Amino acid sequence: MNRIAASVLTALLVLSGTACSSPSTGTSSSTGSSSDARPADAAAPVETKATPKTAKDVTEALVGKIPSLTLAKVFTAEDDPNRQLGRPNSYTSKTFFTDSRIAAELLEFAKENDPLRGGSVEVFETEALATARKNYIQEFGKTTPLLAEYNYVVGGVLLRVSKELTPAQAKEYETALNEILG
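If you use UniProt numbering, the sequence shown corresponds to residues 1 to 182, in order.
Written as structure tokens, this is what we have:
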């Protein structure tokens with residue numbers, strides 16, 4: 001997806017005459033205005049705000065938007081329950097959080113760092129890897145409803161939210177994630 005988008009953007013830049021990274025071949029489309037000359041990296045997107053880089057960064061930003069959320073655990077490669085942290089084609093960082101709106105009696109049998117207690121954030125190098133993980137998790141939820149959860153992907157971030165929250169409460173997470181990363 002990113003490669004296709006980059007190819008389309010490059011083609012559009014070449015067709016519009018704004019790609020200036022190659023030397024002129026003698027054909028000129030310039031109007032003589034110095035404003036037509038742009039540096040080769042002018043097409044690069046401009047970031048207007050700092051983008052969180054790790055699961056901890058994303059979770060801390062979510063804490064600022066969802067008061068019931070509490071960061072409970074930042075995983076390492078040694079204590080990741082899925083044994084995927086840092087492994088090829090997997091997440092580069094992961095956190096676990098709780099949400100105080102989930103009733104304690106619903107969590108009686110949930111393990112200590114079970115996403116059922118709130119959720120988790122997993123950060124991947126690409127959106128495609130995050131989406132693949134989301135699809136993998138959702139397949140389990142389809143065949144085993146006990147494992148179902150809300151999943152949201154923005155860029156390389158997968159936000160996993162407990163099914164014990166109402167759809168409206170889960171939507172708060174989706175909105176907050178889009179505000180942070182969108």
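No residue lacks a Cβ here, since even glycine has one placed at the ideal position from N, Cα and C.
All figures in this text were calculated on a predicted structure; none of them were measured in a lab.
- Query: Can you tell me the Cα-Cα spacing of N89 and L181, whole angstroms?
  - Reply: In the sequence shown, residue 89 corresponds to position 89, counting from 1. In the sequence shown, residue 181 corresponds to position 181, counting from 1. Rounded to whole angstroms, N89 to L181 spans 21 Å at the Cα level.
- Give me the Cα-Cα distance between K171 and T126, rounded to the nearest whole angstrom. Mapped onto the sequence shown, residue 171 falls at position 171. Mapped onto the sequence shown, residue 126 falls at position 126. Taking the straight line from one Cα to the other gives about 23 Å.
- Message: Classify L117: buried if its beta carbon has 16 or more other beta carbons within 10 angstroms, exposed otherwise.
- Response: To locate residue 117, count along the sequence shown from 1; it is residue 117. Note on residue identity: the sequence assigns Arg, not Leu, to residue 117. Burial check for R117: the Cβ neighbour count within 10 Å reaches 16 or more, so the residue is buried.
- Which of helix, strand or coil does DSSP assign to R133? To locate residue 133, count along the sequence shown from 1; it is residue 133. R133: helix per DSSP, three-state reduction.
- What do you get for L146, buried or exposed, if any count of 16 or more other CB atoms within 10 angstroms of its CB means buried? Numbered from 1 along the sequence shown, position 146 holds the residue referred to as residue 146. It counts as exposed.
- R160: buried (16+ other C-beta within 10 angstroms of its C-beta) or exposed? One-based indexing of the sequence shown puts residue 160 at position 160. So R160 ends up on the buried side.
- Query: So which of A55, T76, G64 and K56 has the shortest CA-CA distance to E179?
  - Reply: One-based indexing of the sequence shown puts residue 179 at position 179. It is G64 whose Cα lies nearest to the Cα of E179.
- Query: Just reading off the alpha helix (DSSP H) that Y173 is part of, what are its end residues?
  - Reply: Stepping through the sequence shown from its first residue, residue 173 is reached at position 173. Where Y173 is concerned, the enclosing alpha helix (DSSP H) stretches over P167 to L181.
- Quickly, what does DSSP pair E149 with across the bridge? List them, please. In the sequence shown, the residue the question calls residue 149 occupies position 149. The partner list for E149 (beta bridge, DSSP) reads S162.
- Determine the DSSP secondary structure at K111, reduced to helix, strand or coil. Looking up residue 111 in the sequence shown gives position 111. Looking at K111 - three-state DSSP - the assignment turns out to be coil, as it is neither helix nor strand.
- Ordered list of beta strand (DSSP E) runs contained in the segment 52–79, each at least 3 residues: Fully enclosed beta strand (DSSP E) runs of 3 or longer: 69–74.
- To the nearest whole angstrom, what separates the beta carbons of F97 and S120, a pair I think is in contact under 8 Å? Numbered from 1 along the sequence shown, position 97 holds the residue referred to as residue 97. Numbered from 1 along the sequence shown, position 120 holds the residue referred to as residue 120. With 8 Å as the limit, F97 and S120 qualify as a contact, their Cβ atoms being about 7 Å apart.
- Item | Span separating the alpha-carbon of T144 from that of T92 | To locate residue 144, count along the sequence shown from 1; it is residue 144. To locate residue 92, count along the sequence shown from 1; it is residue 92. The alpha-carbon atoms of T144 and T92 are separated by roughly 27 Å.
- Query: Under the rule that 16 or more other beta-carbon atoms within 10 Å means buried, what is A176, buried or exposed?
  - Reply: Stepping through the sequence shown from its first residue, residue 176 is reached at position 176. Residue environment analysis places A176 among the buried positions, since at least 16 neighbouring C-beta atoms fall within 10 angstroms of its C-beta.
- Hey, K134 and A148 are a contact pair by Cβ (cut 8 Å); roughly how many whole angstroms apart? In the sequence shown, counting from the first residue as 1, residue 134 sits at position 134. In the sequence shown, counting from the first residue as 1, residue 148 sits at position 148. Contact flag wrong, Cβ pair sits at about 13 Å.
- Task: Could you check which residue in T54, S100, P167 and T95 has the C-alpha nearest to that of A72?
- Result: Within the sequence shown, the letter at position 72 stands for residue 72. Taking only the C-alpha atoms, the option nearest A72 is T95.
- Task: Kindly list the residues whose CB is nearer than 6 Å to the CB of V74, restricted to its own chain and excluding five residues on each side of it in sequence; keep chain order.
- Result: In the sequence shown, counting from the first residue as 1, residue 74 sits at position 74. Taking C-beta separations shorter than 6 Å and ignoring five residues to either side along the sequence, the partners of V74 in its chain run K56 and T95, following chain order.
- Query: Where DSSP assigns a beta bridge to E122, which residues make up the other side?
  - Reply: Walking along the sequence shown from the start, residue 122 turns up at place 122. Answer is K94 and L158, bridged to E122.
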